[in-house]
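A short worksheet on the structure shown next.
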Amino acid sequence: MTPRSKFVITGVIVSIVIALSLTQNSGLQTSHQVESSFDTLRIGYFPNINHAQAVIGLGNGDFQRSLGKVKIETQVFNAGPSAIEALIADRIDVTYVGPNPAINGYLKSDGQGLRIIAGATSGGAVFVIRNNSGIETAKDFAGKKFASPQLGNTQDVALRAYLLTNGYKTSENGGNVQVIPAQNPDILTMMVKKNIDGAWVPEPWGAKLVNEANGRIFLDERVLWPGGKFVTALIVVKTDYLENHPDVIKKLLGAHVDETIWINNNKEEAIKTFNEQNEKLTGKTIPGKELEEAFSRMEITYDPVKNSLYKSADDAYNLGFLGDKKPDLNNIFDLKLLNEILKEKNLPKIP
Numbered sequence: 645m646t647p648r649s650k651f652v653i654t655g656v657i658v659s660i661v662i663a664l665s666l667t668q669n670s671g672l673q674t675s676h677q678v679e680s681s682f683d684t685l686r687i688g689y690f691p692n693i694n695h696a697q698a699v700i701g702l703g704n705g706d707f708q709r710s711l712g713k714v715k716i717e718t719q720v721f722n723a724g725p726s727a728i729e730a731l732i733a734d735r736i737d738v739t740y741v742g743p744n745p746a747i748n749g750y751l752k753s754d755g756q757g758l759r760i761i762a763g764a765t766s767g768g769a770v771f772v773i774r775n776n777s778g779i780e781t782a783k784d785f786a787g788k789k790f791a792s793p794q795l796g797n798t799q800d801v802a803l804r805a806y807l808l809t810n811g812y813k814t815s816e817n818g819g820n821v822q823v824i825p826a827q828n829p830d831i832l833t834m835m836v837k838k839n840i841d842g843a844w845v846p847e848p849w850g851a852k853l854v855n856e857a858n859g860r861i862f863l864d865e866r867v868l869w870p871g872g873k874f875v876t877a878l879i880v881v882k883t884d885y886l887e888n889h890p891d892v893i894k895k896l897l898g899a900h901v902d903e904t905i906w907i908n909n910n911k912e913e914a915i916k917t918f919n920e921q922n923e924k925l926t927g928k929t930i931p932g933k934e935l936e937e938a939f940s941r942m943e944i945t946y947d948p949v950k951n952s953l954y955k956s957a958d959d960a961y962n963l964g965f966l967g968d969k970k971p972d973l974n975n976i977f978d979l980k981l982l983n984e985i986l987k988e989k990n991l992p993k994i995p
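Each residue of the sequence shown is one higher than the one before, counting from 645 in our numbering.
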C-alpha cells in the first residue's frame with residue numbers, strides 16, 4: 645500500500661495493512677483454486693482420442709504455455725453428461741464433450757448456461773458386434789443386449805436412433821432390445837464375458853473391442869452422415885466465463901487450433917504422444933495397431949460440423965431425451981473468437 649504524501653499513517657492502519665499482507669502472502673487465500681476467476685481456467689476432458697488435442701496439449705504443457713500466467717486445472721471424465729453437470733454446477737469452466745450432452749446442458753439452462761466455441765473431432769464412433777453373437781444384419785437384433793458409454797450421451801443417442809430407424813424399441817419402451825449404459829472399460833469386460841452382443845462406442849474403444857473382445861465393425865457411423873462428417877467432440881464453455889474472460893478463451897482456442905494442425909501434420913508422432921499422455925491418465929497404453937485403426941476412422945478438427953449437431957438434437961428429441969418441445973438451438977454456437985483466430989492464421993472461416 646502506498647502512503648499518502650506527507651501524511652502519517654496511524655499505528656492502527658499500519659497494523660491492519662500488515663495483517664492483511666501477512667494473510668495474502670501466507671497462502672491462505674486459495675479460493676481461486678476452487679472458484680472460477682480471471683487467473684484460473686478449469687478444463688474438463690476425456691482420455692479418448694476424440695479429445696486428442698486436450699490429452700496431448702494439456703499433458704505436454706502446450707496449453708499452459710499458450711495460457712501464460714493463467715493457471716490451468718483439469719478434471720477427467722468418462723462421458724459427457726457428467727462433464728456437463730460439472731460445468732453447470734460451476735466445478736469447471738470449459739469442457740471437451742460430445743454434442744448431445746452439450747445440447748442437454750444448453751436446454752436445461754434455458755439457453756443461458758453454455759456456448760459451443762469450437763469442434764474437436766468428426767467421426768470416430770462405431771457399432772461393434774461380437775462375432776459369436778448370431779448377428780449378421782439388423783434383422784437379428786431382437787432379444788439382443790447392446791451397450792453405450794452413458795445414458796443420453798452421444799453414442800447412446802446414436803445407438804437408440806439407429807435401433808428406432810430399424811424398427812426396434814428398447815426394453816424400457818416395451819421393445820425387445822436392451823441397451824445397457826456402462827463405462828467404456830466395463831463395456832470391454834462385458835463383451836469379453838459375452839454379457840453383451842455389441843456396443844456403440846467412441847474410439848479407441850471400437851478398435852479395442854475388435855482386437856480384444858472378438859468383435860467386428862458392424863457399422864462405422866460415418867456412413868450415416870453426408871460426406872462422412874459428423875461431430876463427436878466439441879469445446880463448450882460456461883457463458884459467463886466466456887463473457888467475462890474472452891481473452892483467456894481466445895488463448896485456449898489458439899492452443900486448440902495449433903494442436904489440431906500439429907496432430908494432422910504429424911500423425912505418427914501424434915499417435916505416439918497421445919499414447920504417452922493417455923498412459924499418465926489411465927495407467928495403461930493402447931496397442932499401436934488399435935490407435936492407428938481408431939485414428940483412421942476419425943478426423944481431428946476445430947470445425948463443429950454444425951448441421952450434424954442439429955440432426956443429433958432432432959434424434960435426441962425423437963427419443964424423448966429433450967422433453968415435449970422441439971429444442972431451439974439458435975444461440976448454442978458462439979464461433980466469434982474461433983473465427984478471429986482462423987483469420988489471424990489465414991485459415992478459412994467456419995460459417
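In this text, a Cβ means the ideal position worked out from N, Cα and C, and glycines have one as well.
request  = Check LEU991 in the structure and name its three-state DSSP category.
outcome  = coil
Worksheet item: Taking the continuous alpha helix (DSSP H) assigned at PRO829, which residues delimit it?
Response: 828-836
| So what's ALA786 in DSSP terms, helix, strand or just coil? | coil
- Under three-state DSSP, which class holds SER670? In this prediction, SER670 scores a pLDDT of 31, lower than 50, which makes its location untrustworthy; the coordinate-derived value is nonetheless stated afterwards. Three-state result, SER670: coil.
Practice item. Return the chain-ordered list of same chain residues with a C-beta closer than 6 Å to the C-beta of LEU979, the five sequence neighbours on each side being excluded. Key: ILE994
Look at the alpha carbon of ILE687 and the alpha carbon of ASN828, and state the distance between them as a whole number of angstroms.
21 Å
Quiz item: Grouping DSSP H, G and I as helix and E and B as strand, with all else coil, what is VAL699?
Solution: Helix.
*Would you say the region 795-807 touches the region 815-825, given that touching needs at least three Cβ pairs under 8 Å?*
yes
Chain-order list of residues whose beta-carbon lies under 7 Å from that of ASN694 (same chain, five-residue window excluded)
For ASN694, the CB contacts under 7 Å within the same chain, skipping 5 residues up- and downstream, are ALA764, THR765, GLY768, PRO846, GLU847, THR876, ALA877, MET942 in chain order.
Fill in: For LYS715, the residue or residues it bridges with in DSSP
THR684
What ranges does the beta strand (DSSP E) occupy inside the region 867-903, keeping only unbroken runs of at least 3 residues that lie completely in it? 875-882
Discussion item. Which residue marks the beginning of the alpha helix (DSSP H) containing GLN921, and which one marks its end?
Written reply: 911-926
Q.
My output table needs one value for ASP1064: the three-state DSSP class, helix, strand or coil.
A. In the structure displayed, the chain extends from 645 to 995; residue 1064 sits before or after that span and is not available.
- Item | beta strand (DSSP E) runs contained entirely in the region 749-821, provided each spans 3 or more residues | 758-767, 769-774, 789-792
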